[in-house]
Structure formats: structure tokens, C-alpha cells
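Single-structure report; data block below.
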Amino acid sequence: MFRPDQIHGMSWIESVLYFEGLQVTQKTSCFSGLNHQEILKAKSDSVTEPISEAGLEDLWQKMLQLEASELILTPYGGRMSEISASETPFQHRKGNLFEIQYLVFWNDDKETEKNIGWLRRLYASMAPYVSKSPRAAYMNYRDLDLGRNKESIQAMQKQAFGV
Numbered sequence: 005m006f007r008p009d010q011i012h013g014m015s016w017i018e019s020v021l022y023f024e025g026l027q028v029t030q031k032t033s034c035f036s037g038l039n040h041q042e043i044l045k046a047k048s049d050s051v052t053e054p055i056s057e058a059g060l061e062d063l064w065q066k067m068l069q070l071e072a073s074e075l076i077l078t079p080y081g082g083r084m085s086e087i088s089a090s091e092t093p094f095q096h097r098k099g100n101l102f103e104i105q106y107l108v109f110w111n112d113d114k115e116t117e118k119n120i121g122w123l124r125r126l127y128a129s130m131a132p133y134v135s136k137s138p139r140a141a142y143m144n145y146r147d148l149d150l151g152r153n154k155e156s157i158q159a160m161q162k163q164a165f166g167v
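So for the sequence shown, our numbering puts the first residue at 5; every next one is plus one.
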């Protein structure tokens, strides 16, 4: 399914550089003075059962529809399930195989509706393959599509979250 050249192991700080689009060989001093104008929207899912090969193929095909899309798979379970909740509290430990984070990026405000629509359709298409009743998301990812949000949130505040 994956070739070795498609899998990259790295430290946490290297992953910060990688997801910022910087060379992993750069030092953390490269963070000072960053002024990116890129807009992004992200959604996440918890996966509790293996996704079928057909489901993965469908996901890959949808990801290829948009050039500026990204998929992050974060493994859970395994050794993490062996660590007591009293040692390290973490709500996603038991029963989750991995977390999926879906992201889309753009630079032009005129592309907002197209990109958010694409991400919402991708997210909806994954419903058969992810957690259910309730459908779970990673607690530290802010997604204004989920839960209750004050009606008084100003458009600029929503825009900061890519909505």
C-alpha cells in the first residue's frame, strides 16, 4: 500500500517544520519572522476499525482531486493502550487505531467556498469508515462545523478558523 519512500520518520520539531513547508534541516530559529498568508481548514476523525482497501482507495482518489490537500494519520492503540490512564490521561487511548486529520490549503479568499465544500464532502464520504455514535474528533483540533458555536461569532473570527 505504501512504499518506503512515502513514509518519513521525524522528531516532533522536525514535523513542525515539515508541516510549515520548510526544510526539515533548518533550525528552529527559522520560525521568527514567519508571515504566511495561507488559509487552511482541517477536520479530524477517530478510526476504531481497519478501513477496507476499497475505502482507502476511495479516500486516495478524493485526495488527488485537489492539489493542496493533506492527510495525516496518527497511530493510537498498541503500546499506548497499555499505559494506565492514571499515568498519562489521554481520552483517545482505548479503542482507537488511529486519527485522521484532513486538511486543505489555499491563498485566495475567492477559493474559500470551493475548498471548504471539498473538505466537507470528503469528511462526509468517510462516515462509513470511522467512529460512530458519536463520530469522534480529536479534542484539540478546533472545528467550527462541530458542536455548538455562539451565533454572535463575527465573520472575521470564523475566517480565522477557515470557515
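Backbone N, C-alpha and C define an ideal beta-carbon position, used for all residues, glycine too.
By alpha-carbon distance to residue 76, the top candidate from 118, 145 and 41 is 145. In the DSSP annotation of this structure, residue 92 is not part of any beta strand (DSSP E), being labelled neither H nor E. Of the residues 114, 66 and 102, the one whose Cα lies closest to the Cα of residue 124 is 66. By DSSP's assignment, residue 77 forms a beta bridge with 104. Taking 7 Å as the cut-off, the Cβ atoms of residue 142 and residue 48 count as close. The shortest CA-to-CA distance from residue 129 to any of 118, 80, 101 and 61 is the one to 61. Counting of Cβ neighbours within 10 angstroms places residue 21 among the buried residues, the total reaching 16 or more. According to the DSSP assignment, residue 45 belongs to the beta strand (DSSP E) that extends over 43-51.
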